Amino acid sequence: MEFLLDTIDLAAIKKYTAALPITGVTSNPTIVKKQGKIDFFAHMKKVKKLLDEDATLHIQLVGQTVETMLADAAAIFEQVGPETYVKVPTTLTGLKVIKQLKAAGHNVTATAIYTKFQGLLAIAAGADYIAPYYNRMQNMDLAAAQVITELAQAIEKEHADTKILAASFHNVDQVVTALAHGAQAVTLGPEIIAAGLDHPAIHQAVTNFTADWESLFGKGQTVAGLLHSTVK
Ligand SMILES: O=C[C@H](O)COP(=O)(O)O
175 MEFLLDTIDL
185 AAIKKYTAAL
195 PITGVTSNPT
205 IVKKQGKIDF
215 FAHMKKVKKL
225 LDEDATLHIQ
235 LVGQTVETML
245 ADAAAIFEQV
255 GPETYVKVPT
265 TLTGLKVIKQ
275 LKAAGHNVTA
285 TAIYTKFQGL
295 LAIAAGADYI
305 APYYNRMQNM
315 DLAAAQVITE
325 LAQAIEKEHA
335 DTKILAASFH
345 NVDQVVTALA
355 HGAQAVTLGP
365 EIIAAGLDHP
375 AIHQAVTNFT
385 ADWESLFGKG
395 QTVAGLLHST
405 VK
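Using the numbering used here, you'd call the opening residue of the sequence shown number 175 and step up by one each time.
Printed below as a string of structure tokens:
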């Protein structure tokens with residue numbers, strides 16, 4: 175099970191990589207736009223520096239033809255590193271690019287997946303990750319969880335190395351459902367993590383435990399502090 179961050183905000187990456195078992199960062203042009211007109215390659219290098227050595231960084235190609243997409247990929251490999259996972263939209267052109275990138279031994283994430291058909295083609299093309307867009311599928315009345323189940327079954331049946339990196343989450347329930355249905359990885363925006371961990375009930379539980387403890391041992395007393403005061 176892998177948790178990635180769907181942001182290139184440096185402060186958010188610092189905050190959540192320090193606290194959570196984050197295995198990578200994903201981005202797309204919309205995510206880049208949120209940062210303003212950044213020095214793109216310099217920024218991506220900063221993102222990479224914030225990650226563990228074995229973490230994966232996924233950067234999307236924006237070219238519209240096979241040639242311009244391959245040129246984008248070459249620029250990313252040169253500037254950010256040859257181990258970068260290039261995100262390729264799963265279109266007819268994109269599948270041709272995936273085929274060529276995989277033949278050259280590169281890491282590829284097939285993205286913009288809405289249908290089982292796209293997912294199956296990307297698996298057959300040898301994509302390392304496939305990214306179904308959970309919330310966007312639901313908005314189109316497509317059965318996101320069912321598609322993930324069937325893609326996971328196809329991966330198992332074909333003994334493929336592809337992993338499902340589910341994306342486009344707009345609430346925590348979508349995340350846990352995607353994982354329960356066979357996604358090996360999920361990529362989360364900071365707002366989803368905050369929504370999942372900042373629930374008032376969680377804070378209330380901690381407040382209640384603190385109040386019970388302090389009613390016994392006094393305000394500010396800790397377990398370790400108790401040991402020291404016992405030793406004295
Ligand atoms: O690159 C994939 C993103 O996770 C899509 O998320 P979105 O549907 O919120 O734009």
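For each residue, glycine too, the CB sits at the ideal point set by N, CA and C. Treat the numbers as computed from the prediction; the structure is a model and nothing was measured.
Here the alpha carbon of A398 sits roughly 53 Å from the alpha carbon of P263.
In the three-state reduction of the DSSP assignment, H232 falls in the strand class.
Looking only at H280, I297 and G279, the smallest Cα-Cα distance to I287 is reached by I297.
Where A318 is concerned, the enclosing alpha helix (DSSP H) starts and stops at A318 to E332.
Runs of alpha helix (DSSP H) with 4 or more residues, each lying fully within the segment 345-378, are found at 346-354 and 364-371, listed in chain order. Taking C-beta separations shorter than 7 Å and ignoring five residues to either side along the sequence, the partners of F177 in its chain run L194, P195, I196, T197, V360 and L362, following chain order. In this chain, the alpha helix (DSSP H) harbouring N309 covers Y308 to N313. Remark: the C-beta of T361 is in contact range of ligand 1, defined as less than 7 Å to any heavy atom. Three or more pairs of CB atoms, one per stretch, sit closer than 8 Å, so the segment 232-244 contacts the segment 199-217.
No heavy atom of ligand 1 is found nearer than 7 Å to the CB of S389. With fewer than 16 other Cβ atoms from the protein chains shown falling within 10 Å of its own Cβ, T384 counts as exposed.
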